[in-house]
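Number of protein chains: 2
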Amino acid sequence: MTSMIKVLLAEDQSMVREALAALLGLEDDIEVVAQVARGDQVLAAVGAHGVDVALLDIEMPGCTGIEAAARVHREFPRVKLVVLTTFGRPGYLRSAMEAGADAFLVKDAPAAQLAEAIRKVLSGERVIDPTLAAAALAEGANPLTEREREVLRAAADGSTNAELAKALHLSQGTVRNYLSTAIQKLAVRNRAEAVRIAREKGWL
Amino acid sequence: MTSMIKVLLAEDQSMVREALAALLGLEDDIEVVAQVARGDQVLAAVGAHGVDVALLDIEMPGCTGIEAAARVHREFPRVKLVVLTTFGRPGYLRSAMEAGADAFLVKDAPAAQLAEAIRKVLSGERVIDPTLAAAALAEGANPLTEREREVLRAAADGSTNAELAKALHLSQGTVRNYLSTAIQKLAVRNRAEAVRIAREKGWL
DNA sequence: CGATCCGTATGACATCTGTCATCCGGCACG
DNA sequence: CGTGCCGGATGACAGATGTCATACGGATCG
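Protein chains in written order, with full-length UniProt numbering: chain C, 1 to 204; chain B, 1 to 204.
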């Protein structure tokens, strides 16, 4: 072979990360040259190792894989980005694409698709599950405003209106208004459902 | 070597499952003889392949890895059980141990501990993260009654009292009473927090 | 410039939620 | 046998939540 494909692996759970490394290690044209456990370590590692492809989990401490993807895309536009996630939320796919991802894989998919996706993005292809792509398009864009998202996110842990108001420097009435509009936009009956639905769609 | 250690791998996410298989495949005394993606397929697979060790993820469709562990323990008491989970919830550890697990690992732990744990349980040892064990002991037992757990579980998706009452064949007042006592036992201020805390502790 | 949307806020109102006291029947434990 | 605890229920009450109308300043867009 002319040269190995250099891959960075970003995933917070060591066992999964090292297992994925073992999996990719079985491919004789792929070499895992760096592993990180936090989103905020991705950029530095990409710079340090001259990687060809970054494989990014979404759920990570530090920053999400999507944010990391956006940064890498800005700083190193030639590095290919594969986003890997547990949750096939259409909103995630949308954000990942906006962040410049070249492939979007769910961990439910067969392992063989991983190496395959790495080779495909390197040859300029994009890799997206067609079912997910359809779902993302069918779902439409996130209807929530930035503020509504913030309030909903803050309300997710069961905080009361008074606590939300204090935390976000808003009046209690305003908090209620935002939650009310969010509840209506999501067509649900209370904040708890709103949080759940927004999460499921990847809108939070 | 005299004989390979036969391992069953139960984990719903194909990519993770096959990656773990690749990882274990690197060990020359371990052989993954079966893989399943659902909890309710574990028992049959254990019976069919004469496995020495079953490696069980907790979060799985069909039934949880803990339930699967309990069944295997009843039917095949000589099969060693390693429970693997994303979440280091003390309540999970407790339930896993009660189900007859020999080892309890979190996916955060270094990959090397996996093969190590498999060898240790086969030699009769138990493998438990000491930090987690301490947390499980410090936390005490689940204070919620079966009914309180059920109601809380049903309330987790944001259902209203009326819906809960209908779904559980209870009066609305009774639903409120159960939620109220659960809220007090968990020392929180509303059902949303109660759900969150109970989840975190693995009491749901 | 006017229309529209966002962020913020208030007040009033209806409904939902959480608490408490109280009750019943059943079951377990000393 | 009494004393608890659990499952189940009712009614009353206070406080939290959700809805609606309305308002104002700023931004954006035609």
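Think of the CB as a built atom: it goes at the ideal place given N, C-alpha and C, for glycine as much as any other residue.
Predicted model only: the values in this text are computed from it and were never measured.
Query                                                                                                                                        : Result
Chain B contacts from the stretch 9 to 25 of chain C (Cβ-Cβ distance under 7 angstroms)                                                      : Gln13, Ser14, Met15, Val16, Glu18, Ala19, Leu20, Ala22 and Leu23
Under 7 angstroms between C-beta atoms of Arg71 (chain C) and Leu93 (chain C)                                                                : no
Bounding residues of the alpha helix (DSSP H) (the contiguous stretch that carries Ala54 (chain C))                                          : Taken as a continuous stretch (DSSP letters only), Ala54 (chain C) belongs to no alpha helix (DSSP H), being part of the beta strand (DSSP E) at Val53 to Asp57.
Alpha-carbon spacing of Cys63 (chain B) relative to Asp12 (chain B), whole angstroms                                                         : 11 angstroms
Cut-off 6 angstroms between Cβ atoms - residues of its own chain near Glu128 (chain C), not counting five sequence neighbours on either side : Note that residue 128 (chain C) is Ile in the sequence shown, not Glu. Excluding residues within five positions, the ones whose Cβ falls inside 6 angstroms are Phe104.
Cross-chain neighbours of Ala111 (chain C) in chain B, by beta carbon under 7 angstroms                                                      : Ser14, Met15, Glu18 and Ala19
Range of the contiguous alpha helix (DSSP H) that encloses Glu148 (chain C)                                                                  : Glu146 to Ala155
Contact under 7 angstroms by Cβ, Ala182 (chain B) with Glu148 (chain B)                                                                      : yes
Option nearest Arg189 (chain B) by Cα separation, candidates C:Leu170, C:Asn161, C:Val188 and C:Gly173                                       : C:Asn161
C-alpha distance - Asp28 (chain C) paired with Leu20 (chain C), whole-angstrom precision                                                     : 15 angstroms
For Ala37 (chain C) and His49 (chain C), believed in contact at Cβ under 8 angstroms, the rounded distance                                   : Not confirmed; about 16 angstroms, so no contact.
Val46 (chain B) beta carbon less than 7 angstroms from that of Phe76 (chain B)                                                               : yes
Beta-ladder partner(s) of Ala10 (chain C), from DSSP                                                                                         : C:Val36 and C:Leu56
Residues near Arg196 (chain B) by beta carbon distance below 7 angstroms, same chain, minus five either side                                 : none
Per-residue DSSP class, three states only, for Ala167 (chain C)                                                                              : helix
Inter-residue Cα distance where the pair is residue 253 (chain B) and Lys107 (chain B)                                                       : Any answer about residue 253 (chain B) is impossible in this case: the structure gives chain B only from 1 up to 204.
Partner residues on chain C for Ala192 (chain B), Cβ-Cβ distance less than 7 angstroms                                                       : Gly158 and Ala192
Residue range of the beta strand (DSSP E) that includes Leu84 (chain C)                                                                      : Lys80 to Thr85
Classification of Arg78 (chain B) by the beta-carbon crowding that lies within 10 angstroms, buried from 16 upward                           : exposed
Buried versus exposed call for Arg153 (chain C) [16 or more other C-beta atoms within 10 Å across all chains shown]                          : exposed
Contacting positions in the stretch 83 to 102 of chain C - beta carbon closer than 9 angstroms to chain B                                    : Leu84 and Thr86
Presumed contact (8 angstroms Cβ cut-off) between Val7 (chain B) and Leu24 (chain B), rounded CB distance                                    : 6 angstroms
Per-residue burial, Gln41 (chain C) [other beta carbons within 10 Å of its own, 16 or more giving buried]                                    : buried
Which listed residue (C:Ile30, C:Arg89 and C:Arg74) has its alpha carbon closest to that of Ala134 (chain C)                                 : C:Arg89
Backbone secondary structure at Val121 (chain B) - three-state DSSP                                                                          : helix
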